[in-house]
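Here's the structure, in structure tokens; my notes come after.
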Amino acid sequence: MLEIKNLHVKLEDEDKQILKGLNLTVEAGKVHAIMGPNGSGKSTLSYVLSGRDGYEVTEGSATMAGEDLLALEPEERAALGVFLAFQYPVEIPGVGNMTFLRTAVNAQRKARGEEELSAAEFLKSIRAKAKDLKIDADMLKRPVNVGFSGGEKKRNEILQMAMLEPKMCILDETDSGLDVDAMKLVAEGVNALRDEGRGFLVITHYQRLLDHIKPDVVHILADGKIVKTGGPELALEVENNGYTDILAEVS
Amino acid sequence: MGLADVKQSATEARLAALRLPEGGCLAAARQAALARVQTLGLPKRRDEYWKFTCPDTLTEADVTKASVFVSDEVPMFDDFDRLKIIFVDGVYDADASDDLSLEGVTIDRIADICGQDIHWAKDLYGVLEARGQAPVARPLAALNTAFATDGIAIHVTGTPSKPINLVYLHSDEMSDAMVHHLVRVEAGAEATLLENGPGASRFNTCLEIDIADSGKLHLVRAQGRDHERRAANHMFARLGKESVFKSFTLTVNGVLTRNESVIELLGDDAIAHIAGACVGDGDFHHDDTVFITHDAVNCESRQVFKKVLRNGATGVFQGKILVKEGAQKTDGYQISQSLLLDGDSQFLAKPELEIYADDVICSHGSTTGAIDEEALFYLRSRGIPTADATDLLTLAFLAEAVGEVEDADIAADIVARLEGWLSRRR
Numbered sequence: 001m002l003e004i005k006n007l008h009v010k011l012e013d014e015d016k017q018i019l020k021g022l023n024l025t026v027e028a029g030k031v032h033a034i035m036g037p038n039g040s041g042k043s044t045l046s047y048v049l050s051g052r053d054g055y056e057v058t059e060g061s062a063t064m065a066g067e068d069l070l071a072l073e074p075e076e077r078a079a080l081g082v083f084l085a086f087q088y089p090v091e092i093p094g095v096g097n098m099t100f101l102r103t104a105v106n107a108q109r110k111a112r113g114e115e116e117l118s119a120a121e122f123l124k125s126i127r128a129k130a131k132d133l134k135i136d137a138d139m140l141k142r143p144v145n146v147g148f149s150g151g152e153k154k155r156n157e158i159l160q161m162a163m164l165e166p167k168m169c170i171l172d173e174t175d176s177g178l179d180v181d182a183m184k185l186v187a188e189g190v191n192a193l194r195d196e197g198r199g200f201l202v203i204t205h206y207q208r209l210l211d212h213i214k215p216d217v218v219h220i221l222a223d224g225k226i227v228k229t230g231g232p233e234l235a236l237e238v239e240n241n242g243y244t245d246i247l248a249e250v251s
Numbered sequence: 001m002g003l004a005d006v007k008q009s010a011t012e013a014r015l016a017a018l019r020l021p022e023g024g025c026l027a028a029a030r031q032a033a034l035a036r037v038q039t040l041g042l043p044k045r046r047d048e049y050w051k052f053t054c055p056d057t058l059t060e061a062d063v064t065k066a067s068v069f070v071s072d073e074v075p076m077f078d079d080f081d082r083l084k085i086i087f088v089d090g091v092y093d094a095d096a097s098d099d100l101s102l103e104g105v106t107i108d109r110i111a112d113i114c115g116q117d118i119h120w121a122k123d124l125y126g127v128l129e130a131r132g133q134a135p136v137a138r139p140l141a142a143l144n145t146a147f148a149t150d151g152i153a154i155h156v157t158g159t160p161s162k163p164i165n166l167v168y169l170h171s172d173e174m175s176d177a178m179v180h181h182l183v184r185v186e187a188g189a190e191a192t193l194l195e196n197g198p199g200a201s202r203f204n205t206c207l208e209i210d211i212a213d214s215g216k217l218h219l220v221r222a223q224g225r226d227h228e229r230r231a232a233n234h235m236f237a238r239l240g241k242e243s244v245f246k247s248f249t250l251t252v253n254g255v256l257t258r259n260e261s262v263i264e265l266l267g268d269d270a271i272a273h274i275a276g277a278c279v280g281d282g283d284f285h286h287d288d289t290v291f292i293t294h295d296a297v298n299c300e301s302r303q304v305f306k307k308v309l310r311n312g313a314t315g316v317f318q319g320k321i322l323v324k325e326g327a328q329k330t331d332g333y334q335i336s337q338s339l340l341l342d343g344d345s346q347f348l349a350k351p352e353l354e355i356y357a358d359d360v361i362c363s364h365g366s367t368t369g370a371i372d373e374e375a376l377f378y379l380r381s382r383g384i385p386t387a388d389a390t391d392l393l394t395l396a397f398l399a400e401a402v403g404e405v406e407d408a409d410i411a412a413d414i415v416a417r418l419e420g421w422l423s424r425r426r
């Protein structure tokens, strides 16, 4: 699904290298988790994959289903099936949540040469999905993320993911700012989307989220590189011993 | 020559090109207005309230040619049930207009009020305009009172079943028109007034609105789509106890627009909302100049002005809230914002508060900025192409102003037209 080879990324405005030769392959149907200390490059990886400005790829590649992801605009990546659940979802005053989602769904369908969803089809679909995530009608009507609590924002990200049905889901610290119940709800939303045609990259600091979203593979990212890869037990090791031991072991 | 001499000679040149309509019951009001023009002199750029907007093409003796904009778009309000009153280049067109009779309201042409005994109109003509000359002079409004050749008097005594729509068609590319309307809303009465169209190549309008206790007036204006027209519009409103006045103006295109609004809250618990949305591309200069006076207890005023500017367009906002001594419990709000879609456009703002009461809430804010990059990326990351995402954010920016329009159908129509304007600029 997603293949990243020797990826080197620096900040555009600063002479600061963030990713230093990252290799990662996420297969369809699998959940990969990336853990790592602060400043290791986790969020940069998610932004570079989704096409945010401000980063410069100096070496390496990222492809999805054979397409050169890095050559595409953010909207083209989205239409191809890349979805980033933001660590800090953006508030957009004046744009209704529902209008936003319908515009997004239909823009992607249009880009893929598919028929646009009618208002009725869209409504039916979003109502069912919103209900599963305990998102009420009022939240759908309100401007995107404006006045939403931390938990509501994250649930709204998962609702977008459910509506857009991406092939490659990247979750950037989706657990941050969530209480236990909210995390469970979000995890259930993610688990409902687990499918053999869909890959997941779950970026997190803590093992807690991975209790609910069971990963197939766990990677440790440090100083811009993946330094260790293992099974779910690796996440437990981090939880119990912190990163220091692992980093000492690999250096 | 000093400023006074320059002004005087320019004023004389303009007045020499005009003829005061003779006789009639408004003769005294017109003479008094002419005297005001002569005393004040027509505006020059060096006047404090014209420093952001050059008034020359509005005051010159000769009109500047303005081609007539032709569009296949359905004219604004055409799909709404309304009483339509048509002016072509500022002249009332009886044949094209609807019959003026409507329950709850009496409508007369200004030219006809002298033949009838319409005291309220004679007593209002030029009165609010004259009150509005201090502390800031508005000589173009006095010029209008003196020389306007047409207009209507609307007397609202009940609750008319449909809005009254003044339609201003532009047909002659050298047209130079002044119209003056009067609106009196009686106690407890309520009406909606719609205005649309560019009016003339050079259009000077004056609308005097007198709302009695607990009367209500809703006003929605759309100023046409002509690019080359120039307009100076004046609105003077006086509000009685517990009355409500809500106005919204949509401006799309126009090389020069000056919209002046002067509102006096004279009765306790009155509410005045005044809003505007404008979108300009290139040779576009749009000026909102607002003066709201609180002179009663527990009144609310709200100003919401939003401007979208691109390709060197200019937006101006001069807004003042004056809270007089004793106007306690005043709630005044003022926001003026511009969205600059490129680095060539500019927004000039002068928000002012002057408060002489000690128990009031007054807030004002003015901002100018570009499209929010974070929001743009968020939308694009969901698959919305840059151009669509930019339009979505632009409409979102305008939403607070359009939200001031109470009629949901009219508001939706305004949004659709703004979408059209944006989509034509892809």
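First to last, the sequence lines map onto chains S and V. With the working numbering as the guide, the letters of the first sequence map in order to residues 1 to 251. With the working numbering as the guide, the letters of the second sequence map in order to residues 1 to 426. Note that the Cβ used here is the ideal one computed from N, Cα and C, for glycine as well. For clarity, every value in this text was computed on a predicted model and none was experimentally measured.
Boundaries of the beta strand (DSSP E) in which residue i is found, first to last residue
{"i": "H364 (chain V)", "result": "361-369"}
{"i": "L19 (chain S)", "result": "17-26"}
{"i": "Q318 (chain V)", "result": "314-323"}
{"i": "V9 (chain S)", "result": "2-11"}
{"i": "I211 (chain V)", "result": "202-211"}
{"i": "E300 (chain V)", "result": "300-310"}
{"i": "I126 (chain S)", "result": "Premise fails: I126 (chain S) lies in the alpha helix (DSSP H), 119-132, not in any beta strand (DSSP E)."}
{"i": "Y243 (chain S)", "result": "Looking at the DSSP string, Y243 (chain S) is not in any beta strand (DSSP E); the run it does join, the alpha helix (DSSP H), is 243-250."}
Alpha-carbon to alpha-carbon, residue j and residue i
{"i": "D216 (chain S)", "j": "K110 (chain S)", "result": "34 Å"}
{"i": "L376 (chain V)", "j": "T25 (chain S)", "result": "29 Å"}
{"i": "C169 (chain S)", "j": "A248 (chain S)", "result": "31 Å"}
{"i": "L185 (chain S)", "j": "V360 (chain V)", "result": "46 Å"}
{"i": "C299 (chain V)", "j": "G267 (chain V)", "result": "8 Å"}
{"i": "A137 (chain V)", "j": "A29 (chain V)", "result": "18 Å"}
{"i": "N285 (chain S)", "j": "S40 (chain S)", "result": "A query on residue 285 (chain S) cannot be resolved here, the shown segment of chain S reaching from 1 to 251 and no further."}
{"i": "V48 (chain S)", "j": "L70 (chain S)", "result": "8 Å"}
{"i": "A357 (chain V)", "j": "A327 (chain V)", "result": "6 Å"}
{"i": "I220 (chain S)", "j": "G319 (chain V)", "result": "58 Å"}
{"i": "D138 (chain S)", "j": "A10 (chain V)", "result": "60 Å"}
{"i": "T103 (chain S)", "j": "R77 (chain S)", "result": "16 Å"}
{"i": "D78 (chain V)", "j": "Y168 (chain V)", "result": "13 Å"}
{"i": "V6 (chain V)", "j": "K306 (chain V)", "result": "35 Å"}
Residue i at chain V interface by Cβ criterion, 8 Å
{"i": "A79 (chain S)", "result": "yes"}
{"i": "S46 (chain S)", "result": "no"}
{"i": "T174 (chain S)", "result": "no"}
{"i": "L159 (chain S)", "result": "no"}
{"i": "P252 (chain S)", "result": "Residue 252 (chain S) is absent from the model: chain S starts at 1 and stops at 251."}
{"i": "V9 (chain S)", "result": "no"}
{"i": "Q207 (chain S)", "result": "no"}
{"i": "I92 (chain S)", "result": "yes"}
{"i": "V202 (chain S)", "result": "no"}
Short CB-CB distance (under 8 Å) between residue i and chain S
{"i": "L392 (chain V)", "result": "yes"}
{"i": "G343 (chain V)", "result": "no"}
{"i": "G420 (chain V)", "result": "no"}
{"i": "R380 (chain V)", "result": "yes"}
{"i": "D388 (chain V)", "result": "yes"}
{"i": "P160 (chain V)", "result": "no"}
{"i": "F305 (chain V)", "result": "no"}
{"i": "G276 (chain V)", "result": "no"}
Same chain, Cβ closer than 6 Å to residue i, neighbours up to 5 away in sequence not counted
{"i": "H234 (chain V)", "result": "A141, C206, E260"}
{"i": "I263 (chain V)", "result": "A237, A272, I292"}
{"i": "H285 (chain V)", "result": "L256, T314"}
{"i": "E190 (chain V)", "result": "T159, K216"}
{"i": "S366 (chain V)", "result": "S336, A349, P351"}
{"i": "S247 (chain V)", "result": "L219, I274"}
Any non-hydrogen atom of the ligand MN within 7 Å of residue i CB
{"i": "V220 (chain V)", "result": "In the structure on display, the ligand MN does not appear, and there are no ligands present to speak of."}
Close-in-space but distant-in-sequence residues of the same chain around residue i (CB under 7 Å, 5 per side omitted)
{"i": "I355 (chain V)", "result": "V323, C362"}
Nonlocal neighbours in the same chain, by C-beta distance under 8 Å from residue i, ignoring five residues either side
{"i": "G197 (chain S)", "result": "A28, G29, K167"}
{"i": "R155 (chain S)", "result": "L133, K134, I135, A182, L185, V186, G189"}
{"i": "E67 (chain S)", "result": "L80"}
Extent of the continuous alpha helix (DSSP H) run through residue i
{"i": "T39 (chain V)", "result": "27-40"}
{"i": "A162 (chain S)", "result": "150-164"}
Checklist entry - Relative to chain V, which residues along the segment 164-194 of chain S have a C-beta separation below 9 Å, given in chain order? => result L164
Checklist entry - Which residues, in order along the segment 38-64 of chain S, keep a beta-carbon less than 8 Å from a beta-carbon of chain V? => result S50, G51, R52, D53
Next on the checklist: By the 7 Å beta-carbon criterion, what residues does the segment 361-378 of chain V contribute toward chain S?
Outcome noted: E374, A375, F377, Y378
Checklist entry - Which of the residues in the segment 220-253 of chain V, read from start to end, lie with their CB under 8 Å from any CB of chain S? => result none
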